[in-house]
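Engineer: Residue numbers (this note's numbering): 270 to 876.
Heads up, the beta-carbon is just placed ideally off N, CA and C, and yes, glycines get one too.
#1: Could you pull out every residue in the same chain whose Cβ sits closer than 6 Å to the Cβ of residue 770, ignoring the five residues on either side in sequence?
#2: What is the DSSP secondary structure of residue 616, reduced to helix, strand or coil?
#3: Alpha carbon to alpha carbon, what distance is there between residue 463 and residue 214?
#4: Going along the chain, which residues of its own chain have a beta-carbon closer than 7 Å to the beta-carbon of residue 405, five neighbours each way excluded?
#5: Compare the Cα-Cα distances from residue 671 to each of 825, 683, 726 and 689 and report the closest residue.
#6: For residue 550, which of helix, strand or coil comes out of DSSP?
#7: Between which two residues does the alpha helix (DSSP H) carrying residue 446 extend?
#8: Taking only the alpha-carbon atoms, compute the straight-line gap between residue 530 and residue 716 and give it to the nearest angstrom.
#9: My output table needs one value for residue 718: the three-state DSSP class, helix, strand or coil.
#10: Starting from the N-terminal side, write out each stretch of the alpha helix (DSSP H) that is 4 residues or longer and does not extend beyond the stretch 695-747.
#11: Indicate the three-state DSSP secondary structure (helix, strand or coil) for residue 840 in the structure shown.
#12: Apply the 10 Å Cβ neighbour rule to residue 585 and answer buried if 16 or more other Cβ atoms are within range, or exposed otherwise.
#13: Nearest CA to the CA of residue 663: which residue from 728, 568, 591 and 604?
#14: For residue 591, which residues of its own chain have a beta-carbon under 6 Å away from its beta-carbon, when the five flanking residues on both sides are left out?
#15: With DSSP as the reference, label residue 399 as helix, strand or coil.
#16: If you draw a straight line from the C-alpha of residue 513 to the C-alpha of residue 549, how long is it?
#17: Between the stretch 574-584 and the stretch 705-721, are three or more C-beta pairs nearer than 8 Å?
#18: Looking at C-alpha atoms only, which residue of 742, 703, 760 and 730 is the closest neighbour of residue 802?
#19: Count the other CB atoms, across all protein chains shown, that sit within 10 Å of the CB of residue 576; report buried if there are 16 or more and exposed otherwise.
#20: Contact between the stretch 565-573 and the stretch 508-527: three or more CB pairs below 8 Å?
#21: If distances are taken between C-alpha atoms only, which option among 369, 436 and 528 comes closest to residue 350?
#22: Find the nearest neighbour of residue 552 within the set 516, 532 and 747, judged by alpha-carbon distance.
#23: Compute the Euclidean distance between the alpha carbons of residue 335 and residue 460, then round it to the nearest angstrom.
#24: Say yes only if the C-beta of residue 402 is nearer than 7 Å to one or more non-hydrogen atoms of the ligand ADP, and no if none qualify.
#25: Which residue comes first and which comes last in the alpha helix (DSSP H) that contains residue 410?
#26: Touching or not, the stretch 417-424 and the stretch 607-624, by the rule of three or more beta carbon pairs under 8 Å?
#27: Since residue 677 and residue 495 are thought to touch, with beta carbons under 8 Å apart, how far apart are those beta carbons, to the nearest angstrom?
#28: Compute the Euclidean distance between the alpha carbons of residue 775 and residue 371, then round it to the nearest angstrom.
#29: DSSP three-state call for residue 688: helix, strand or coil?
#30: Return helix, strand or coil for residue 518, following the three-state DSSP convention.
#31: Just to check my reading of the structure: residue 545 and residue 364 have Cβ atoms closer than 8 Å, yes? What is that Cβ distance to the nearest angstrom?
#32: For residue 540, which three-state DSSP category applies?
#33: Would you mind stating whether residue 418 and residue 329 have Cβ atoms separated by less than 8 Å?
#34: Following the continuous alpha helix (DSSP H) through residue 588, name the residue where it begins and the one where it ends.
#35: Can you give me the Cβ contacts of residue 509 inside the same chain, cut-off strictly under 8 Å, excluding the 5 residues immediately before and after it?
#36: If you measure between the beta carbons of residue 791 and residue 768, is that distance less than 8 Å?
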């Protein structure tokens, strides 16, 4: 056994010697550099341009996801909210239902105070909405508002004064913040999408500034998508009534037995409408099931905003927007009134609230129900008195849901007509919507339907659909117009706050004028529409003439950097427009006050 072991030991020693000598032969200066390059160098199959394209493609898909999620959340929120109110307030109107279930809590008085809280509270929204949006951020302001709507839905499980009234006041407080944050969010997503599509040009923006109307196409498309989705909420809101409440309603021969006049022949709410509309009372278990489904949908809307909606701004951008000072944030909405473009749009904002001038706010069935819905919505929609004094008076309460569905489908489909702004002048959709409403207002002024006459159904459905067409063009057109005129991200929340606050103020005025005759309401609507169109065209004419625009300067952020965090310094100082508040050199032409190219670019947009 001795001789065979010797060669084995020799081989082992040879392997060890090779292990020692081979690395020494490679680890020279050039060998070390070669190994380092192989380890940290670019992969032979790596394509930098292709990876960059993939990265920005993912960013663009994320923006589309954000827009669809925000649209879906708004649709779900208002589907639940409007559907619940329509069902509950019809139940509350029936005197038998009130006596049997709530005989000792004065439900009528509670509902009146809820209505007053919802319509009065938004009047003060201009004072706190910009602060709320800047403090929480655009996404979290949306989430907070949607959560308040879900809170109101949950309060209907136990209908008492201390549950319904505080939650209604809370909803009144978040109406303007919700719509201001949504308008800002959609506009900001359009701007981000443009940046991700033209990322190569953005890298060279110091050499060549992008044209002012570069992202207008994306603003048009994204606002159109949002309103097309949102108007479907009027269709979805009718599901509780179609599948549940209609099974308990009397037919029109009972509910409209004492009604003698409809349309312009009526005064205030529908006179003679029966106090009992339920032929049998729904079981409490069934009501709890319906409310639970609505509550689950509201919770789903919260999750959509929380999980699927991304941030509108980068963290440092939000910090900079807050650190201009809370005093400045409070003052800037008022200072933006200096801009003649915004002042000339005020009548148009008011008309979008006065579209609900037909609201009948007395405690009467359909007028009260639909009045609450429309006022809370704060958006251009079919007038409830058009539904009550025309639709319900002729077709009965059981067909109210189908009239609203005709309005919702029409508004959703016709919102896409705003895409014509990609090729035509931007004022064409607004003028088209105003013309449709003007024709309908004159028609309604001259025509009064016959009570309980079903042969008028095709005409009434056509009027509902046409009103939805005009409302869709007006609402989508106004939001697109504001996005085009005010592209600077530091101004958008202020502009949309002013817009929706004027709507809320107009709706509050309508709430006070609810007892006017029908002809007076139609006359005020038509007069307001004419003034709104005239001032809008005047604004466009001034823009085409290159008239100078006066806008307040956005103060520079005031903060210190310590470590890795921004710490605000003197954040409560209000400052002045002239002290240290000069805007940066690359300010947008929209905010320029002395540049001639402002009017030139707007005139190009006008064609």
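Structural biologist: Considering the structure as presented:
#1: 394, 395 and 445
#2: helix
#3: Residue 214 falls outside the range modelled here, since the chain spans only 270 to 876, and no answer is possible.
#4: 413
#5: 726
#6: coil
#7: 430-466
#8: Counting only the Cα atoms, residue 716 lies some 12 Å from residue 530.
#9: coil
#10: For the alpha helix (DSSP H) assignment, the uninterrupted runs of no fewer than 4 residues enclosed by the stretch 695-747 are, from N- to C-terminal side, 697-715.
#11: At residue 840, the pLDDT of 39 sits below 50, so the modelled position is not reliable; the number obtained from the coordinates is stated separately. Coil at residue 840, not helix or strand.
#12: exposed
#13: 728
#14: In the same chain as residue 591, and ignoring 5 residues on each side of it, the C-beta atoms closer than 6 Å to its own belong to 403, in chain order.
#15: helix
#16: 12 Å
#17: no
#18: 703
#19: Exposed.
#20: Contact between the stretch 565-573 and the stretch 508-527 is not established, with fewer than three Cβ pairs separated by less than 8 Å.
#21: Considering only alpha carbons, the answer is 436.
#22: 516
#23: Residue 335 and residue 460 have their C-alpha atoms spaced approximately 13 Å apart.
#24: Among the components of this structure there are no ligands whatsoever, and the ligand ADP is therefore not found.
#25: Residue 410 -> alpha helix (DSSP H) spans 407-424.
#26: Counting Cβ pairs under 8 Å, fewer than three are found: no touch.
#27: Actually they do not touch by this definition, with Cβ atoms about 15 Å apart.
#28: 34 Å
#29: Annotated three-state conformation of residue 688 is helix, per DSSP.
#30: strand
#31: 6 Å
#32: coil
#33: no
#34: 584-591
#35: 352, 353, 355, 356, 559 and 563
#36: no
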